[in-house]
Amino acid sequence: MVETLIAVLVILMVFTGAYRVSRMVSAKTLLDHAAARAARAKSVGFDDFMCEKSARVAMIPVAGKLLWPAQTGFDEVARMPIYLGAEDWARANGILDYQYWHTTDVDVRSGGGVSPLAEARVDMETDDFDMTGRAAVESHFPFYMYDYGL
Numbered sequence: 088m089v090e091t092l093i094a095v096l097v098i099l100m101v102f103t104g105a106y107r108v109s110r111m112v113s114a115k116t117l118l119d120h121a122a123a124r125a126a127r128a129k130s131v132g133f134d135d136f137m138c139e140k141s142a143r144v145a146m147i148p149v150a151g152k153l154l155w156p157a158q159t160g161f162d163e164v165a166r167m168p169i170y171l172g173a174e175d176w177a178r179a180n181g182i183l184d185y186q187y188w189h190t191t192d193v194d195v196r197s198g199g200g201v202s203p204l205a206e207a208r209v210d211m212e213t214d215d216f217d218m219t220g221r222a223a224v225e226s227h228f229p230f231y232m233y234d235y236g237l
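Residues in the sequence shown are numbered from 88 upward in steps of one, following our numbering.
See the structure below:
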């Protein structure tokens, strides 16, 4: 009986460890995707506010519990275009809001020159881990648009 108990505990620890590692790998993949969406938004000329909203929408699967709206049975997908169209953070957070969005930092920058890049870094802090996603996308908007830094 003692051997069975030890074996069950070891198997339980292995499964728990595998579960945590799989959550971290999926979070890393989704944060890289969110950074790519933010870099893509910057590469076509969107301002930093729109880039951050794009990253937030891309990281919804790992963003934690839905804080707003608190009701159940609503269509979350239908709210995403409305969220992306919000003009400021007060309106955006009144449409969709998730637990880890407030511990997320999105840093987007675009370079100039012959081979400009739009780079993004998404840092997310959760209860279990801190994770960073990075992406770079070739940006051509400086060749035909002026970046006012909006």
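Quick reminder that beta carbons are idealized off the backbone N, C-alpha and C, glycines included.
Could you have a look at residue i and say whether DSSP puts it in helix, strand or coil?
{"i": "Ser226", "result": "coil"}
{"i": "Asp134", "result": "coil"}
{"i": "Met167", "result": "helix"}
{"i": "Asp119", "result": "helix"}
{"i": "Met88", "result": "coil"}
{"i": "Met146", "result": "coil"}
{"i": "Gly220", "result": "strand"}
{"i": "Glu212", "result": "strand"}
{"i": "Glu206", "result": "strand"}
Please state if the CB of residue j and the CB of residue i are separated by a distance shorter than 7 Å.
{"i": "Val193", "j": "Val209", "result": "yes"}
{"i": "Thr219", "j": "Tyr187", "result": "no"}
{"i": "Asp119", "j": "Ala207", "result": "no"}
{"i": "Ala142", "j": "Arg124", "result": "yes"}
{"i": "Tyr185", "j": "Ala150", "result": "yes"}
{"i": "Ala325", "j": "Ala205", "result": "Any question about residue 325 goes unanswered here, given that the chain covers just 88 to 237."}
{"i": "Ser226", "j": "Ser130", "result": "yes"}
Run the CB neighbour count on residue i, radius 10 Å, all protein chains shown included, and call it buried at 16 or more, exposed below.
{"i": "Gly198", "result": "exposed"}
{"i": "Arg178", "result": "exposed"}
{"i": "Thr116", "result": "exposed"}
{"i": "Gly132", "result": "buried"}
{"i": "Leu183", "result": "buried"}
{"i": "Ala157", "result": "exposed"}
{"i": "Thr191", "result": "buried"}
{"i": "Met88", "result": "exposed"}
{"i": "Lys140", "result": "buried"}
Since residue i sits in a beta bridge, which residues does DSSP pair it with?
{"i": "Tyr185", "result": "Leu153"}
{"i": "Thr191", "result": "Met211"}
{"i": "Arg196", "result": "Glu206"}
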